[in-house]
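Notes for the one structure printed next.
Chains as they are written, first to last, in UniProt numbering: chain A, 1 to 482; chain B, 1 to 482.
So, in structure tokens, the structure goes:
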């Protein structure tokens, strides 16, 4: 078809008084003359001035919000304020109409709740255009970061038969029927008859398979979907979400912390460089949202300050044991302002504690290390017991302002006997993970890695507050629409 | 831990007579003196020369194939042939042993079948190092190509409740139990009780959701896993595979063909630029494999020629109708050498026909267009019937040497009534796809897209012949190992 020019390119063009063609969707149409046109290439609209005297009445009538049009004419410098240039259209063609009585996106403010109901159309709003541009920039930045450092992007499996990690409830993947399900002689479901010849699930993490890659290729990362069948109807949980999991051979926890800090700074900076308009819009949106909150619930930092907070500070590295000490003696703990008071070593930290450390105490992103072994996964490397005989592991969590945990990682237990002992204690059958143990049998080496929940990163960078708004089609309990 | 230098960097270094540390896995150990060390960063090994007089016997004993070691010493120019430099090690530390009696990867040629059984260790072989480096390069090239052109990377859902596309058998995703499955009063399985409140599956394609994105953001692409529950135990099928699906608003079939041709040339060129050693190795591997075949089954083109064949030729664009005419009058058809003889317009083409067109007739990659409507999907744009009243759609398939179909795409039916009519004819219930139809109700516009099976691309570029060898952990009937 005839070549159209993207609005993004036109708006940055300095070559005026030339003929061009644009195509896009009508945002508004004023005075039978001024079309605000958007084609998705950027947030800004282009003004198209219709020659209404020479445009048939039936065409003018169809220039309504949401309609798709093609407009050809001369690109000229604009006399009006608010725009640099506009198109004086010789001809306007209606590509697809949009009945104003039925089109749900009228030129007014819609609630995020309403837009979630029409997720198939919300891409056309400024807010979601901005969110998905930022999401795209962050995705690319992640690939570019690892590519520059020679990491291999590894596609770990989505369907797994292993459910040993215990990271959460899993979805079953099956082709067995619920009616007349094949049964063994003893009456149990006969998974030998299932597609994979055994019971299979959707992965909760690519880490264990990622380790297999790292223990040969050196440095790998995954970036793929992961799943939790948890019945959590919150603004922070999804049943389907994307995760980035790098894994590095010949690396310890310090290398791991350096890598994670570098990655986060790199991708935030990239988004700020590539999406200034989108972030400015989202910062403004957040500021408006904050205004509607009571003073004491407002965030101290606006969006750009929050992003800069992460770029400009070295992340503070603190052990769990030190953090417990700080929290125990903190004002909110002593004045019993925490919902969960910090008393004993060994408890898991709550979001309020994490935010206190980041926002009040250190005023920096914080990396907490060396958590109690009892609250962490089997594959984390065991430290020597401390002077009080307490057992910790080489774990690290990165805590961010407003959002709490952004990254969780660890140095892995590379010593076969220690790993086997931990698995036994945690009732993880060795035969299910023989392949994982093989990496410790044949050329084991120190290695470390972490997981970064991608939607949590997008939430943080866009300043959105509901995770369902930063993934195109969110999946959660009772919802798999579109 | 102490900073190691990657072998890839050492081998390209020109700064000799300096101290350094390397870590990696022992490939071979000769004469109690010469270690061939690999750390995954490149295919080449680095020679580490052990000072065996000053190295304890118990360390020497543990330098076995597969063991992980750390070696420190001076990087010197090598006197031996076959390598530019080597490390004169002052100290060698064993990081992880590898019992020579048990380690399955001995320094000899292993069959691909055997390596598939130990997919968790096969990354350590030259062949799989090369394959996964090429796979990584192709992945990055795809992201970079679309990023340069302003496309938005869209994560379309993996779990879907829609099964309307009919692209193939689907896997069920469920949390319902097989025992005491919830039932409605009429005795049917009560999917309202399932996690998503309805029956849900693993996606077979992100296209329909991708179209929703394109009809707002302009240009999008997906790159994610897709699934088929087909009981095909072949060298060409996987139950879980990765697909790239771009979708472009204001584009027709010609734009679509241009985009696909540009993409394929870009990513093949990128792999050739970034992975010369890996491709040389794989070309050699393929040449060896070919030698073992009878003369008449050998490929006419070696790997590099096949890749250049795609870069150097404009893809030939031919309608299905023309192709049928060519095939009908071709020698193999007239001499009845085709297994499936081409007689009537309307039949689907077989791999032998596709390869004849590419390899014998045109001697170029071929794009076949305008297929009979009856053998294509409901969403493809209907052409006007031809002089004989035959109905075709604006579909295109790209055919490659050796492999047949590499890309399948189409201009989409943007006209609401035509689309509804097709859906009715094909018994696709409108209410299930109301959201898809909404894009035609509100600002519809011409648009087009295609799907590229990622593993098929990796097969083509690596010259491998079994699709299970180009994905880290293949899933197929009766197999979800690792």
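In this text, a Cβ means the ideal position worked out from N, Cα and C, and glycines have one as well.
>> If you reduce the DSSP assignment to three classes, tell me which class residue 400/A lands in.
In response: Working through the first chain from its first residue, we reach residue 400/A at position 400. Collapsing the DSSP output to three states places residue 400/A in a strand.
>> residue 67/A and residue 252/A - do their beta-carbons sit closer together than 8 angstroms?
In response: Here residue 252/A refers to the residue found at position 252 of the first chain. Here residue 67/A refers to the residue found at position 67 of the first chain. No. Outside cutoff.
> What residues match up with residue 411/A in a beta bridge as DSSP calls it?
Replying inline: In the first chain, the residue the question calls residue 411/A occupies position 411. 448/A, per the DSSP bridge assignment.
> residue 63/B: which of 241/B, 440/B and 94/B sits nearest, CA to CA?
Replying inline: Against the second chain, residue 63/B aligns to sequence position 63. Proximity to residue 63/B across 241/B, 440/B and 94/B peaks at 94/B, based on C-alpha coordinates.
>> Less than 6 angstroms between C-beta atoms, sequence neighbours within five positions excluded: which residues of the same chain meet that for residue 176/A?
In response: One-based indexing of the first chain puts residue 176/A at position 176. Within the same chain, residue 176/A has close Cβ partners 194.
> Among all the DSSP beta bridges, which residues are the ones paired with residue 75/B?
Replying inline: What you label residue 75/B is simply residue 75 of the second chain in a count that begins at 1. The partner list for residue 75/B (beta bridge, DSSP) reads 18/B and 87/B.
>> Only counting the same chain, and skipping five residues up and downstream in sequence, which positions put a Cβ closer than 7 angstroms to that of residue 45/A?
In response: Taking the first chain and counting its residues from 1, the one referred to as residue 45/A is at position 45. Same-chain partners within the cutoff: 27, 36, 37 and 38.
> Apart from the five residues on each side of it in sequence, which residues of its chain come closer than 8 angstroms, Cβ to Cβ, to residue 283/B?
Replying inline: In the second chain, counting from the first residue as 1, residue 283/B sits at position 283. 302, 303, 304 and 463, listed in sequence order.
> In chain A, what lies closer than 7 angstroms to residue 189/B by C-beta?
Replying inline: By one-based count along the second chain, residue 189/B stands at place 189. Correct list: 178.
>> Between the alpha carbons of residue 250/B and residue 104/A, how many angstroms are there, rounded?
In response: Position 250 of the second chain, counting from 1, holds the residue named residue 250/B. Position 104 of the first chain, counting from 1, holds the residue named residue 104/A. For residue 250/B and residue 104/A, the distance between alpha carbons rounds to 22 angstroms.
> Who are the neighbours of residue 68/B on chain D, taking C-beta pairs under 7 angstroms?
Replying inline: The displayed structure is made up of protein chains A and B, and chain D is not among them.
>> Would you say residue 27/A lies against chain B (beta-carbon separation less than 8 angstroms)?
In response: Counting from one through the first chain, the residue named residue 27/A turns up at place 27. Residue 27/A does not count as touching chain B.
>> Considering just the uninterrupted stretch of the alpha helix (DSSP H) at residue 334/B, what are its terminal residues?
In response: To locate residue 334/B, count along the second chain from 1; it is residue 334. Element bounds for residue 334/B: 331-334.
> Beta-carbon of residue 345/B versus every beta-carbon of chain A: anything under 8 angstroms?
Replying inline: As a position in the second chain, residue 345/B is number 345, starting the count at 1. Residue 345/B does not count as touching chain A.
> Do you know offhand how far residue 338/B's Cα is from residue 397/B's?
Replying inline: Locating residue 338/B in the second chain gives position 338, where the first residue counts as 1. Locating residue 397/B in the second chain gives position 397, where the first residue counts as 1. Looking at the two C-alpha atoms, the distance is approximately 21 angstroms.
> Is there contact between the segment 394-413 of chain A and the segment 256-263 of chain A, where contact requires at least three CB pairs shorter than 8 angstroms?
Replying inline: Yes, they touch.
>> Tell me which residues share the same chain as residue 139/A and place their Cβ nearer than 8 angstroms to its Cβ, disregarding the 5 neighbours each side in the sequence.
In response: Sequence index remark: in the first chain, residue 139/A carries index 139 (1-based). Take residue 139/A, set aside five residues on each side of it, and the residues of its chain with a beta-carbon closer than 8 angstroms to its own are 223 and 454, in chain order.
>> Extract the residue ranges of the alpha helix (DSSP H) inside the segment 187-240 of chain B, only unbroken runs of 4 or more that lie entirely within it.
In response: Counting only runs of 4 or more, we get 207-217.
> So, is the C-beta of residue 281/B closer than 8 angstroms to a C-beta in chain A?
Replying inline: Here the question's residue 281/B lines up with position 281 in the second chain. For residue 281/B, the closest Cβ of chain A is not nearer than 8 angstroms.
> When the Cβ atoms of the segment 144-151 of chain A are set against those of the segment 274-293 of chain A, are three or more pairs found closer than 8 angstroms?
Replying inline: Touching, no, given that fewer than three Cβ pairs across the two stretches are closer than 8 angstroms.
>> Going by C-alpha to C-alpha distance, which of 197/B, 152/B, 151/B and 445/B sits closest to residue 161/B?
In response: In the second chain, residue 161/B corresponds to position 161, counting from 1. Nearest C-alpha to residue 161/B: 197/B.
>> Pop quiz: residue 211/A and residue 412/A are said to be a contact at Cβ under 8 angstroms. What is the actual Cβ separation, rounded to whole angstroms?
In response: Counting from one through the first chain, the residue named residue 211/A turns up at place 211. Counting from one through the first chain, the residue named residue 412/A turns up at place 412. Indeed they touch by this definition, with Cβ atoms about 6 angstroms apart.
>> So, with DSSP's three-state summary, where would you put residue 386/A?
In response: Sequence index remark: in the first chain, residue 386/A carries index 386 (1-based). Residue 386/A: coil per DSSP, three-state reduction.
> For residue 70/A, which beta-bridge partners are listed by DSSP?
Replying inline: On the first chain, position 70 is the one that residue 70/A refers to. In DSSP, residue 70/A forms a bridge with 23/A and 93/A.
> Do residue 238/A and residue 429/A come within 8 angstroms of each other at the CB atom, strictly closer than that value?
Replying inline: As a first step, residue 429/A is located in the first chain; it is residue number 429 there, counting from the start. As a first step, residue 238/A is located in the first chain; it is residue number 238 there, counting from the start. Taking 8 angstroms as the Cβ cut-off, residue 429/A and residue 238/A do not qualify as a contacting pair.
>> Would residue 153/B pass as an interface residue toward chain A - the criterion being a Cβ-Cβ separation below 8 angstroms?
In response: Position 153 of the second chain, counted from the start, is the residue given in the question as residue 153/B. Cβ-Cβ to chain A under 8 angstroms: yes for residue 153/B.
> At a Cβ cut of 8 angstroms, what residues of the segment 1-20 of chain A count as close to chain B, listed as they run along the chain?
Replying inline: Answer set for the segment 1-20 of chain A: 1, 4, 6 and 8.
> residue 392/A: which of 402/A, 368/A and 151/A sits nearest, CA to CA?
Replying inline: By 1-based counting over the first chain, the position of residue 392/A is 392. Comparing Cα positions, the closest option is 368/A.
>> Looking only at its chain, what residues have a beta carbon closer than 6 angstroms to the beta carbon of residue 128/B, apart from the 5 residues adjacent to it on each side?
In response: Taking the first residue of the second chain as position 1, residue 128/B is located at position 128. Once the five neighbours on either side are set aside, the close Cβ partners of residue 128/B are 122.
> Any beta-carbon of chain A closer than 8 angstroms to the one on residue 304/B?
Replying inline: Counted from its first residue, the second chain places residue 304/B at position 304. Closer than 8 angstroms: no.
>> Just to make sure I have the definition right: I need the residues of chain A whose C-beta is within less than 7 angstroms of the C-beta of residue 329/B. Which are they?
In response: In the second chain, the residue the question calls residue 329/B occupies position 329. None at all; the shortest Cβ gap to chain A is about 34 angstroms.
> By a C-beta neighbour count over all protein chains shown, 10 Å radius and 16 as the cutoff for buried, is residue 114/A buried or exposed?
Replying inline: Taking the first chain and counting its residues from 1, the one referred to as residue 114/A is at position 114. Residue 114/A comes out exposed.
> Which whole-angstrom value is the C-beta distance of residue 88/A and residue 76/A, which I expect to be below 8 angstroms?
Replying inline: In the first chain, counting from the first residue as 1, residue 88/A sits at position 88. In the first chain, counting from the first residue as 1, residue 76/A sits at position 76. The C-beta separation of residue 88/A from residue 76/A comes to about 6 angstroms, placing the pair in contact by the 8 angstroms criterion.
> Tell me the DSSP bridge mates of residue 157/B?
Replying inline: Here residue 157/B refers to the residue found at position 157 of the second chain. Looking at the DSSP assignment, residue 157/B forms no beta bridge with any residue, so it has no partner.
> Mind pulling the chain B residues with CB within less than 8 angstroms of residue 23/A?
Replying inline: Sequence index remark: in the first chain, residue 23/A carries index 23 (1-based). Ordered by position in chain B, the residues that pass the 8 angstroms Cβ test against residue 23/A are 249, 250 and 445.
>> If we define contact as Cβ-Cβ less than 8 angstroms, is residue 158/B a contact residue for chain A?
In response: Counting from one through the second chain, the residue named residue 158/B turns up at place 158. Cβ-Cβ to chain A under 8 angstroms: yes for residue 158/B.
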